[in-house]
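> Numbering of the sequence shown is given in the numbering used here, commencing with residue 16 and proceeding in unit increments.
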Amino acid sequence: DRHRKLINIEEIEEIARDRGFHICYPEDLPFRKQLQIVRGATHVMAPEGSAIFLAFFARRGTKLLCLDHPFVEKSAFVEALFRELQIETVLVTGNCVREDSLFSRFSDYVIDPSDVRRVLAEWKSAPARSRSE
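Structure representation (structure tokens):
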């Protein structure tokens with residue numbers, strides 16, 4: 016994201032990759048491919064930002080892990096929308112490492128890798144739910 020950075024993105028991606036996630040950057044893909052990926056996913060993990068809204072096209076029963084800085088503003092609203100679509104959403108907030116003095120939502124942050132591992136372990140141990148079109 017131009018305005019805020021998940022500073023330890025490589026570490027988080029490695030954790031995701033080790034657990035079978037496919038890493039992609041939607042901005043590098045045609046929209047049709049973005050839709051194919053999210054429609055085929057059972058689990059989606061992404062930093063908060065415009066790409067997270069691709070999950071609106073996910074199937075019911077998809078699990079969504081949203082990574083964000085501690086200055087969450089609209090998370091309850093977004094989570095409520097996903098809940099209506101039957102997309103289970105978990106928000107993991109990190110620590111601010113550079114605060115934008117004008118717009119806190121543009122601050123850089125790090126996510127504790129153990130928080131991501133914990134959520135992924137909980138997902139793995141939870142009974143599978145059916146997914147439908």
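The beta-carbon is built from N, C-alpha and C at its ideal position, and this holds for glycine as well.
Given the structure is predicted, the values throughout are model-derived calculations rather than measurements.
To the nearest angstrom, report how far apart Gln49 and Arg113 are at their CA atoms.
As a position in the sequence shown, residue 49 is number 34, starting the count at 1. As a position in the sequence shown, residue 113 is number 98, starting the count at 1. Going from the Cα of Gln49 to the Cα of Arg113 covers about 30 angstroms.
> Looking at the strands, I want to know which residues DSSP matches up with His124.
The residue labelled residue 124 in the question sits at position 109 within the sequence shown. The question names His, yet the displayed sequence has Tyr at residue 124. Bridge partners of Tyr124: Leu21 and Cys111.
> Closest to Pro62 by CA distance: which of Leu96, Trp138 and Tyr124 is it?
Reading the sequence shown from its first residue, position 47 is the one you call residue 62. Considering only alpha carbons, the answer is Tyr124.
> Output the distance between the C-alpha atoms of Thr108 and Asp115, rounded to the nearest integer angstrom.
Position 93 of the sequence shown, counted from the start, is the residue given in the question as residue 108. Position 100 of the sequence shown, counted from the start, is the residue given in the question as residue 115. Computed Cα separation, rounded: 17 angstroms.
> If you follow the alpha helix (DSSP H) that Ala91 is in, where does it begin and where does it stop?
Within the sequence shown, residue 91 is the residue found at index 76, counting from 1. Unbroken alpha helix (DSSP H) run through Ala91: Ser90 to Glu99.
> Under the three-state reduction of DSSP, which class applies to Ser145: helix, strand or coil?
The residue given as residue 145 occupies position 130 in the sequence shown. The predicted position of Ser145 is uncertain, since its pLDDT is 49 and thus under 50; no value can be drawn from it.
> Report back the beta-carbon spacing between Leu100 and Phe71 to the nearest angstrom; my notes put them in contact at under 8 angstroms.
Residue mapping note: residue 100 aligns to position 85 of the sequence shown, counting from 1. Residue mapping note: residue 71 aligns to position 56 of the sequence shown, counting from 1. Leu100 to Phe71, Cβ: 7 angstroms. Contact.
> Under 8 angstroms by Cβ, that's how I've got Ile52 and Leu79 pegged, so tell me the actual separation to the nearest angstrom.
The residue given as residue 52 occupies position 37 in the sequence shown. The residue given as residue 79 occupies position 64 in the sequence shown. Contact flag wrong, Cβ pair sits at about 13 angstroms.
> With a threshold of 16 other CB atoms inside 10 Å of the CB of Ile27, please say whether the residue is buried or exposed.
For the purposes of this step, residue 27 is identified with residue 12 of the sequence shown, where counting begins at 1. The residue is buried, with at least 16 neighbouring Cβ atoms inside 10 Å.
> By Cβ distance, which residues of its chain are closer than 7 angstroms to Arg132, with the 5 residues on each side in sequence left out?
Residue 132 sits at position 117 when you count from the first residue of the sequence shown. Excluding positions up to five away in sequence, the list reads Ile30.
> So Thr41 and Ala66 are in contact, right, with Cβ under 8 angstroms, and what is the actual spacing, rounded?
Within the sequence shown, residue 41 is the residue found at index 26, counting from 1. Within the sequence shown, residue 66 is the residue found at index 51, counting from 1. As written in the sequence, residue 41 is Pro, which differs from the Thr given in the question. The pair is a contact, with the Cβ atoms about 5 angstroms apart (cut-off 8 angstroms).
> Return the CA-CA distance between Arg120 and Cys111, expressed in angstroms with no decimal places.
What you label residue 120 is simply residue 105 of the sequence shown in a count that begins at 1. What you label residue 111 is simply residue 96 of the sequence shown in a count that begins at 1. For Arg120 and Cys111, the distance between alpha carbons rounds to 10 angstroms.
> May I have the straight-line CA-CA distance separating Lys20 from Ala91, to the nearest angstrom?
On the sequence shown, position 5 is the one that residue 20 refers to. On the sequence shown, position 76 is the one that residue 91 refers to. Going by the C-alpha atoms only, they are around 21 angstroms apart.
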